[in-house]
Every structure is written in C-alpha cells, then in structure tokens.
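Asker: Under our numbering, the final residue of the sequence shown carries the number 170; numbering is consecutive throughout.
The structure's right below; bear with me while I get my questions together.
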Amino acid sequence: MSMPESLQPPGQTDAPVLSAAATRARRRALIAITTVVALLVVLWFSDSLAGLLPTQPYHATTQAVGDYRVTLSLTPAQLRAGTPIAAQIALVDAQHQPFTDATVTYAWEMPSMDMGVATGHADPTSAKPGTYATQMTAAMGGIWRLTLHIHRPNRPDAATTFAIHVHS
Numbered sequence: 003m004s005m006p007e008s009l010q011p012p013g014q015t016d017a018p019v020l021s022a023a024a025t026r027a028r029r030r031a032l033i034a035i036t037t038v039v040a041l042l043v044v045l046w047f048s049d050s051l052a053g054l055l056p057t058q059p060y061h062a063t064t065q066a067v068g069d070y071r072v073t074l075s076l077t078p079a080q081l082r083a084g085t086p087i088a089a090q091i092a093l094v095d096a097q098h099q100p101f102t103d104a105t106v107t108y109a110w111e112m113p114s115m116d117m118g119v120a121t122g123h124a125d126p127t128s129a130k131p132g133t134y135a136t137q138m139t140a141a142m143g144g145i146w147r148l149t150l151h152i153h154r155p156n157r158p159d160a161a162t163t164f165a166i167h168v169h170s
C-alpha cells in the first residue's frame, strides 16, 4: 500500500529503483544506438565530407575477363567532379600478349543517382600495342561505374566493370 506523497519521509518515493546492472545495460544500449545513428549520419554525408578528408590517388587496376586481362589507369591521380578523366586501357590475352584487333566500348554511370549512362568507345593508342584511350567526365562526386565491353573478331565478347571514386 502506498502512502500519499505528503506523508512519505523526505527522499523516499514509490518509483522503482534500477539495479546497477540494469543501469549499465541501459547505458550500453544508449551508447550503441547513439553510435549507430552517428555512423548513419556520417555515411549519409560522406560525399560532402570527401573534400575535407585526405584522398588517395587512383591506382591502376587489373581484372581477369575470360581469357583476357584488362588494366585500367586513370589520370589525374585525384579524380574530381567536373574535371576530365583520361582512361587508358591495356589489353593482353592469356599468353600475356597485347592485342590490337579489339573494339572497346564503354558505359559510364553513377549507380546511386539517375544521371543517365554515357557511352562511347576507346581508341587504340600509338604509344603501346594493346593500349586504348578515352576520356569522360563525372558530373558530381561519388562512386561511378565504368563498364568496358571488348569485342574481337571471331572471339567471344567480354565485359568488365570498375568502381571509381570521384571526389566533389
């Protein structure tokens, strides 16, 4: 039976008192929830923060595609929105020999935004056999996708995709 508040001794209430273990558990849960919310906020605004963080240059990346190896090199080293991006594509066969009889086309898009797909072709370069070059521009910072399609006469077509981070 509960006493009216006016008759209770000072400092005593009918409110339940949490044990130390329950208090620690509530504190841990609150910290976990706060951490998750903070992480989500950082991820949400990460593209806005990208310009403030130190960046790494894009390094040449090689992918195996069927019997081919495709190496993509991009310049400038720090890819920025609105700045032309030069792509150099080196193609070699299973014997690591460059081939020059390919037609290379590409699709350039930003998967997280509906900005359309830019398509084009890469031209053979005279600098090195088996090397093709093209240029594209990213309208905004974020993760972009470059899909290369390789066609050779009397051989199966091949395609590969590279994820490319462009800074704002």
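Ideal Cβ placement from N, Cα and C applies to all residues, glycine included.
Computed from a predicted model, the values in this text were never measured in an experiment.
In angstroms with no decimal places, state the Cα-to-Cα distance between THR57 and ALA96.
Answerer: A caution first: THR57 carries a pLDDT of 49, below 50, which makes its placement in the model unreliable, though a value can still be read off. Roughly 34 Å separates the two Cα atoms.
Asker: Within the 8 Å Cβ cut-off, does MET112 reach chain D?
Answerer: Of the protein chains in this structure there is only one, and it is not chain D.
Asker: In terms of alpha-carbon separation, which member of GLY118, SER114, TYR108 and LYS130 lies closest to ALA124?
Answerer: The residue with the shortest Cα to Cα distance from ALA124 is TYR108.
Asker: Can you grab the Cα-Cα spacing for the pair ALA160 / VAL67, in whole Å?
Answerer: So the alpha carbons of these two residues sit roughly 6 Å apart.
Asker: Do you know offhand how far THR64's Cα is from SER21's?
Answerer: Roughly 59 Å between the two C-alpha positions.
Asker: Under 6 Å Cβ to Cβ from VAL119, same chain only, skipping five residues before and after it: list those, please.
Answerer: Cβ within range, chain order: ALA109 and GLU111.
Asker: Starting from the Cα of PHE2, find the closest Cα among PRO113, TYR134 and MET117 and give me that residue.
Answerer: Only positions 3 to 170 of the chain appear in this structure, which leaves residue 2 out of reach.
Asker: Based on the DSSP output, what are the partners of ALA89 in its beta bridges?
Answerer: ALA89 pairs with LEU76 and THR136.
Asker: For GLY84, count the other beta carbons within 10 Å of its own beta carbon; 16 or more makes it buried, fewer makes it exposed. Which is it?
Answerer: GLY84 comes out exposed.
Asker: Please determine, among GLY143, HIS153 and VAL168, the residue with the shortest C-alpha to C-alpha distance to VAL72.
Answerer: Cα-wise, what sits closest to VAL72 is HIS153.
Asker: Kindly indicate the opening and closing residues of the beta strand (DSSP E) around ASP159.
Answerer: It is not in any beta strand (DSSP E) - ASP159 carries neither H nor E in the DSSP assignment.
Asker: Might you give, ordered along the chain, the residues of its own chain that have their beta carbon closer than 7 Å to the beta carbon of ALA52, omitting 5 neighbours on each side?
Answerer: Confidence is the limiting factor: at ALA52 the pLDDT is only 49, short of 50, which leaves the residue's position unreliable and the question unanswerable from this model.
Asker: What is the residue span of the beta strand (DSSP E) that ARG147 lies within?
Answerer: That run of the beta strand (DSSP E) goes 144 to 153.
Asker: In the DSSP output, what is ILE166 paired with across the bridge?
Answerer: TRP146.
Asker: Quick one, which of ASN156, ALA31 and MET115 has its alpha-carbon nearest THR105's?
Answerer: For THR105, the nearest C-alpha among the options comes from ASN156.
Asker: Leaving out five residues on either side along the sequence, give the residues of the same chain with a beta carbon under 7 Å from the beta carbon of ALA62.
Answerer: Excluding positions up to five away in sequence, the list reads THR73, LEU74 and SER75.
Asker: Assuming THR127 contacts LEU148 (C-beta within less than 8 Å), just tell me the rounded distance between them.
Answerer: Actually they are not in contact, since the Cβ atoms of THR127 and LEU148 sit about 17 Å apart, beyond 8 Å.
Asker: Short of 7 Å in beta carbon distance, which residues of its chain neighbour THR77, apart from the five on each side in sequence? Order them along the chain.
Answerer: Contacts found: ALA88.
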